[in-house]
Every structure is written in structure tokens, then in C-alpha cells.
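Quick notes on the structure that follows.
Number of protein chains: 2
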Amino acid sequence: MSAHKDFVANNSQYAETFKEGDLPIPPSKKLLIVTCMDARIDAFSSLGLNLGEAHVVRNAGGRVQDAVRSIIISQRLLGTREIAVFHHTGCGMLTFATPQLRDIVKNSAAPEHATEIAQVIDQTNFLEFSDLEQSVKDDVKFLKENPLVLKDTVVTGWIYDVHDGKVKQVA
Amino acid sequence: MSAHKDFVANNSQYAETFKEGDLPIPPSKKLLIVTCMDARIDAFSSLGLNLGEAHVVRNAGGRVQDAVRSIIISQRLLGTREIAVFHHTGCGMLTFATPQLRDIVKNSAAPEHATEIAQVIDQTNFLEFSDLEQSVKDDVKFLKENPLVLKDTVVTGWIYDVHDGKVKQVA
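What follows is the structure, encoded as C-alpha cells:
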């Protein structure tokens, strides 16, 4: 695995025409996007966003429970006041259950790490879901009810379709 | 705040020319990028990556400690075997300390949530850093030494410069 060996060459092309070097730190649209790490998602392009306009938090599933630290920093220090949560069709999070993944990790543990791994992994919730639309609604509810999130935050929930590139609001 | 009101119109332009509807779930380069949520970073474009090639995990600072759940899912269920960690110049994480942010959150808490908020926030490490290059090295070390990360994972560490769009390998 050596994808990183292409980074410098590819990046030098990008840097040649780079013109956005003076953008301020706070996102100009006061917007934070939470979306999945999925390789088929380009958060900026698919929403017509430009550099400098929005924070983008990405993790497995686009789960907000795993984004609270980032949301606090984004809101309290960098002024964002709107959160849009995106989950997507064909997500890997629809394909497994936490107990099963715990077993995969524990069963492949080197003997010298087995106890340590079991202790950590048995307390890890992988935040998978079985109902895509419901998972978005759950995450929007989580944010609206969370006292760590600023009270007047505008929170919306969306599904991105990886097959046709379209977004649909569901919350 | 209503940036979301433009999503559907902007997205319909994107969807009109969308041609990548048949990509498989596993990233074709078996690569996972960890980078910051910063609004000035376009992970795909700046590295010349195409849709479908890499998972992208983003959080405040691009800290790997906050990405372990996603990394396990990416490696064990979706086959990635390389991790590239990117932090960047001008990062908000260089501008504050955890105790200070804890105070900001606690001081603005509604009285009815004050106890609950204090309990959570006093246990939250915001993972800020004071030395950019060292923070990348620390994160690469964390991954290399973490038994939850697959043993033969290729891990590299990088700095992205938001002022000229260039990347530099530091670990």
C-alpha cells in the first residue's frame, strides 16, 4: 500500500492554481456538515460549497454522537450556528452489528494484546444502524436535545444517494 | 442561518452530470485519510483523489484518537490498509487550551443543565496542540503503537498549508 507516494506530485498540480490562501478560519456560511467517511462522497462538490464556507466532520456513518468534541469547538470557537447531518444509501453501517465486529477484532488479536483489546472493544459502540432514514432523524434529535449544542442551532437531516448523486431532506 | 436552503438547488446541478453511481463500497486505493474539519481543506482535490478511492475521516484537528471507531470499521470491514494523517497550518487547535474551552461551555450553560454539562465537559479532552509538526508525529505514533490498528498498516503523517495549498510529509 503506497497511495501516499502520489500525494506530492498530485498536490503540486493543485497548488499551482491554488488561489484561496487568504480565507479566514471561521466558516463563512457558519455551517457545519456531518457526513460519512465513505469514499464515494465529496461533501463540498455535491452541495455546491466552496473552500472556506463550511466545517466538514466525517466519520463512519456520519454519526453525531462521535462528533460532539468537534461540534463544540466549531460552535464556541469558530462561530458555526447551523448543522446539516448527512447519511447515505449503500452505507457500510447498514451491513453489520456491533457484537459481530467486536468478535472480528477480538478473534484476530495477537495473544499479548488480547486482554487489552477485549477490554476496549467490548465498550466500543460502533454506532451502526438498520434504518437509514431513522438514523438521520435520531441524529438530528440527538443534536436538538443535547445541552452541549447551542440552543438556537439550525439542525437539518439529509440522505445522500451514492447511486445518483442526489440529496433529500428527511429531518 | 439557512445555508441548507441552497442544498437542493446546488445539488441538482451536481447530480445532473454525476457519473460515478456504480462505485463499490471499499475504497479502491485501500486508503484512509484523517484530516481536520477546517473549511479551507478539500481532501480529495488537494491530493488528486477521485470519488471511490479513499475513506476520509475529518474532525477538529484531524486527531486520530477521535477516529479509532471509524478506523476499525474501515480496516476490518472495508479493507483499507494505509492511513495518512493530515494536520494543517493556521489550525484553530493551535489557539486554545482545553481548560479555557471547558470554562466557555460551563459559563454559558443554562442553569437547569449546569451540573450535567459540567460533568461531561470536565472529562472532555479537546485534543488541541501547540506544536503542529509534533502533533502529526504524535498521531502517527499513536496509530503505529495501537493494537486496534492492523499491524502492517502503512501510516504516514503530513502538514497541509492552507496558505499555498501545498502538502509536506513529516512522518
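These protein sequences, in sequence, are chains Y and P.
Anchor point for the first sequence: position 65 equals 65 in this note's numbering, and the numbering is continuous, going up by one each time.
Anchor point for the second sequence: position 116 equals 116 in this note's numbering, and the numbering is continuous, going up by one each time.
Yeah, the Cβ is synthetic: ideal placement off N, Cα and C, and Gly gets one too.
Keep in mind it's a predicted model, so treat the numbers as computed, not measured.
Thinking C-alpha only, which one of the options is nearest residue i?
| i | options | result |
| --- | --- | --- |
| G52 (chain P) | P:K30, P:V68, P:S108 | P:K30 |
| S2 (chain Y) | P:D138, P:S12, P:I33, P:E145 | P:I33 |
| P27 (chain Y) | Y:T80, Y:T17, Y:V105, Y:T89 | Y:T80 |
| E86 (chain Y) | Y:K144, Y:L143, Y:V136 | Reading off the sequence, residue 86 (chain Y) comes out as Phe, not Glu. Closest option to F86 (chain Y), Cα to Cα, is Y:V136. |
| T156 (chain P) | P:E16, P:G48, P:V64, P:D42 | P:V64 |
| A15 (chain Y) | P:D42, P:A110, P:F126 | P:D42 |
| A118 (chain P) | P:E128, P:F129, P:V105 | P:V105 |
| L78 (chain P) | P:Q13, P:I25, P:G92 | P:I25 |
| R76 (chain Y) | P:D22, P:A60, P:G90 | P:A60 |
| D152 (chain Y) | Y:Q13, Y:P99, Y:I83 | Y:I83 |
| D164 (chain Y) | Y:T89, Y:L23, Y:S12 | Y:T89 |
| G21 (chain P) | Y:T17, Y:F18, Y:R40, Y:E20 | Y:R40 |
| L175 (chain Y) | Y:A54, Y:V140, Y:H4 | With chain Y covering only 1 through 171, there is no way to say anything about residue 175 (chain Y). |
| T17 (chain Y) | P:S46, P:D131, P:D38, P:L94 | P:S46 |
| I73 (chain Y) | P:T95, P:R69, P:S70 | P:T95 |
| S108 (chain P) | Y:V56, Y:L148, Y:L132, Y:H4 | Y:L148 |
| D131 (chain Y) | Y:R69, Y:G62, Y:V56, Y:M93 | Y:M93 |
| F126 (chain Y) | P:V56, P:N50, P:D38, P:D66 | P:D66 |
| D139 (chain Y) | Y:I159, Y:V120, Y:E116 | Y:I159 |
| S70 (chain Y) | P:I71, P:V68, P:R58, P:R69 | P:R58 |
| N146 (chain Y) | Y:V68, Y:G62, Y:V170, Y:K19 | Y:V68 |
Classify residue i: buried if its beta carbon has 16 or more other beta carbons within 10 angstroms, exposed otherwise.
| i | result |
| --- | --- |
| D103 (chain Y) | exposed |
| D6 (chain P) | exposed |
| A9 (chain P) | exposed |
| E112 (chain Y) | exposed |
| D122 (chain Y) | exposed |
| T35 (chain Y) | buried |
| S12 (chain P) | exposed |
| A97 (chain P) | exposed |
| E116 (chain Y) | exposed |
| E128 (chain Y) | buried |
Could you have a look at residue i and say whether DSSP puts it in helix, strand or coil?
| i | result |
| --- | --- |
| T156 (chain P) | strand |
| L32 (chain Y) | strand |
| V167 (chain P) | strand |
| R102 (chain Y) | helix |
| F96 (chain P) | coil |
| V8 (chain P) | helix |
| F20 (chain P) | Checking the sequence, you will find Glu at residue 20 (chain P) rather than Phe. Here E20 (chain P) sits in coil by DSSP. |
| P26 (chain Y) | coil |
| A15 (chain Y) | helix |
| A110 (chain Y) | coil |
| A3 (chain P) | helix |
Along chain B, in chain order, which residues have C-beta atoms closer than 8 Å to that of residue i?
| i | result |
| --- | --- |
| A171 (chain Y) | Among the protein chains in the structure shown, which are Y and P, there is no chain B. |
Proximal residues, the stretch 53-66 of chain P versus chain Y, C-beta separation under 9 Å: Of all residues in the stretch 53-66 of chain P, E53, A54, H55, V56, V57, R58, N59, A60, G61, R63, D66 have a Cβ within less than 9 Å of some Cβ in chain Y.
Members of the stretch 134-152 of chain P near chain Y, C-beta cut-off 7 Å: P147, L148
Ignoring anything shorter than 4 residues, give me the alpha helix (DSSP H) runs that lie fully in the stretch 43-88 of chain Y, in order along the chain. 43-46, 68-78
What runs of the alpha helix (DSSP H), each 4 residues or longer, lie entirely inside the stretch 114-158 of chain P? 114-121, 132-145
Check each residue of the stretch 79-106 of chain Y: if its Cβ is closer than 9 Å to any Cβ of chain P, include it; give the result in chain order. Answer in chain order: T80, R81, E82, A84, G90, C91, G92, M93, T95, F96, L101, I104, V105.
By the 9 Å beta-carbon criterion, what residues does the stretch 4-20 of chain Y contribute toward chain P? H4, D6, F7, V8, A9, N10, N11, S12, Q13, Y14, A15, E16, T17, F18, K19, E20
Return the residues of the stretch 115-132 of chain Y that lie within a Cβ-Cβ distance of less than 9 Å from chain P, sorted by chain order. E116, I117, V120, I121, T124, N125, F126, L127, E128
Residues of the stretch 21-35 of chain P with a CB closer than 7 Å to any CB of chain Y: list them in chain order, please. G21, L23, I25, P27, K29, K30, L31
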